[in-house]
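In what follows, a structure is listed as structure tokens, so that the remarks can point back to it.
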Amino acid sequence: GFNCGIVGLPNVGKSTLFNALTETAAAAAANYPFCTIEPNVGRVPVPDPRLDVLAGLAKSQKTVPTQLEIRDIAGLVRGASKGEGLGNKFLGAIREVDAVLHVLRCFEDDDVTHVEGGVDPLRDAELIETELLLSDIESLARQKDGLVKRVRGQDKEAKVRLELLERVLPVMEQGTQARALDLSEDDRALLQGFHLLTAKPVLYVCNVEEGSAATGNALSQKVAAMAETQGARSVVISAAIEAELSTLDLAERREYLETLGLEEPGLNRVIREGYNLLGLLTFFTIGPKEARAWTVERGATAPEAAGVIHTDFQRGFICAEVIAYDDYVRLEGEQGAKEAGRMRLEGRDYVLKDGDVCHFRFNV
Ligand code: GDP
């Protein structure tokens, strides 16, 4: 599956956020195992209003949303790249995630100590990014030694990799994150093989005080501006509110959100943005028993999508019957779409689009 890791300095609200995410998920899905897998790993449903619309049209008995795995990665402090604190363990855990949710403290509270003194999310962000960058630089230096040896042994692939490494290392040593390097598509693909921490996509999560949850505050605005210069994104959330929401039932939750002027829990936005960050798309399978959302990477073909449901579907793939979400809704279901000629038969080269409603035909 795909996963996001929550990172940030101590006391910025990471665990509060993680617990709210997993508790809300558990409360919302009594009939489905969205749960904490390990103390710091949880699966959460990806909120998608389209699923309910489709289930309504098809009169499906139940809906099954697609999920995202979230990891709470605690323990980063200044000096982590030198092994301070839980430095190495922390960095190793980041290496395993596909995308990073970087929580920044944007709330003032004299009762909550800030490890770096005062509240300053831009400094905090830079501190963490620097630790990650230092770790990448060290890792590249190590990988370089290995590549040099292989190049001496006439390894052609190593030569190409070494050439790229020697090009990017000096730029990174000047302070450029791997994700911000100006590279061709081929080079970017090759760079993946170096497993760099700063190559992972980042979403900045601004944890603001309760009163600013709907609007953000001056600090979260600074973060938004910084994110924009990096081509990254940010969201505003109040971890304290999310923690409160996670203890309420659905009706109470709606009421509380209304009094706060919020349309939905901030967590929904975090999950959706995290999902986008990973370059994923959703397709649906709709039947009388269940309406279900599934996840594939953008660019996935029809057989690959079928394989997410079952490996047999991929192996024996014949074709896919596909209805675009908008057509399904406009024509009020499968029958209507069929009659209007909006159900397409697609072969193995078809690249899935977000929102496709699919039936796969396959040989067993
Ligand atoms: P972590 O170390 O980043 O995991 O931070 P925690 O989630 O454990 O939070 C550290 C402290 O900050 C706890 O006492 C939380 O109750 C408090 N805290 C977290 N989020 C908020 C917030 O939005 N507002 C306020 N006032 N306190 C918060």
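Heads up: the sequence shown is residues 2 to 365, going by UniProt numbering. All residues carry an ideal CB built from backbone N, CA and C; glycine is no exception. Keep in mind it's a predicted model, so treat the numbers as computed, not measured.
heavy atom of the ligand GDP below 7 Å from residue i C-beta
i, result
"E245", "no"
"N364", "no"
"A240", "yes"
"D121", "no"
"T216", "no"
"N277", "no"
"E210", "yes"
"P11", "yes"
"V203", "no"
"D125", "no"
"K15", "yes"
"V113", "yes"
"F3", "no"
"D110", "yes"
Beta carbon of residue i nearer than 8 Å to that of residue j
i, j, result
"L52", "P66", "yes"
"P40", "R273", "no"
"L102", "L268", "no"
"V330", "R345", "no"
"L192", "A179", "yes"
"residue 1", "F91", "Residue 1 is absent from the structure shown; the chain starts at 2 and stops at 365."
"F284", "C359", "yes"
"V224", "L148", "no"
"I95", "I74", "yes"
"G154", "V98", "no"
"N218", "V113", "no"
"residue 1", "A215", "The first residue shown for the chain is 2 and the last is 365, placing residue 1 beyond what the model contains."
"L353", "F3", "no"
"L163", "D188", "no"
"D125", "M173", "no"
"A181", "Q144", "no"
Boundaries (first-last residue) of the beta strand (DSSP E) holding residue i
i, result
"L105", "A100 to R106"
"L282", "L281 to I287"
"E333", "Note, E333: premise wrong, no beta strand (DSSP E); not H, not E."
"T296", "E291 to E298"
"F45", "In the sequence under discussion, the amino acid at residue 45 is Val, which differs from the Phe named in the question. Where V45 is concerned, the enclosing beta strand (DSSP E) stretches over V42 to P46."
"N364", "Where N364 is concerned, there is no enclosing beta strand (DSSP E), given that its DSSP letter is neither H nor E."
Bounding residues of the alpha helix (DSSP H) (the contiguous stretch that carries residue i)
i, result
"R124", "P122 to R153"
"L346", "It is not in any alpha helix (DSSP H) - L346 instead sits in the beta strand (DSSP E) that spans R345 to E347."
"A190", "E186 to Q193"
"residue 1", "The first residue shown for the chain is 2 and the last is 365, placing residue 1 beyond what the model contains."
"N277", "G267 to L278"
"T177", "No alpha helix (DSSP H) holds T177; DSSP gives it neither H nor E."
DSSP three-state assignment for residue i, whether helix, strand or coil
i, result
"D73", "strand"
"Y205", "strand"
"V237", "strand"
"K230", "Strictly speaking, residue 230 in this sequence is Thr, with Lys absent from that position. In the structure shown, T230 sits in a helix (DSSP, three-state: H, G or I)."
"L220", "helix"
"K354", "coil"
"A321", "strand"
"K60", "coil"
"T114", "coil"
"N89", "helix"
"G6", "strand"
"Q68", "strand"
"A301", "coil"
Close Cβ partners of residue i (< 8 Å) along its chain, the five nearest in sequence each way excluded
i, result
"I129", "V8, G9, L10, L77 and H103"
"A21", "A240, E243, A244, L246, S247 and L268"
"Q62", "P289, K290 and E291"
Near the ligand MN: residue i beta-carbon under 7 Å from a heavy atom
i, result
"A75", "Inclusion of the ligand MN in the displayed structure is not the case, the ligand content consisting of the ligand GDP alone."
Nonlocal neighbours in the same chain, by C-beta distance under 7 Å from residue i, ignoring five residues either side
i, result
"Y33", "At Y33, the pLDDT of 49 sits below 50, so the modelled position is not reliable and the matter cannot be decided from this model."
"I319", "R362, F363 and N364"
"F314", "A307, G308, F361 and F363"
"A159", "L148, R151 and V152"
"G300", "V352"
"E24", "S247"
"D121", "none"
Chain-order list of residues whose beta-carbon lies under 6 Å from that of residue i (same chain, five-residue window excluded)
i, result
"E132", "A81 and S82"
"V237", "C207, V209, G217 and S221"
"L279", "F3, D99 and A100"
Beta carbon proximity, residue i to chain D, threshold 8 Å
i, result
"D146", "Judged by its chain identifiers, the structure shown contains no chain D, having just a single protein chain."
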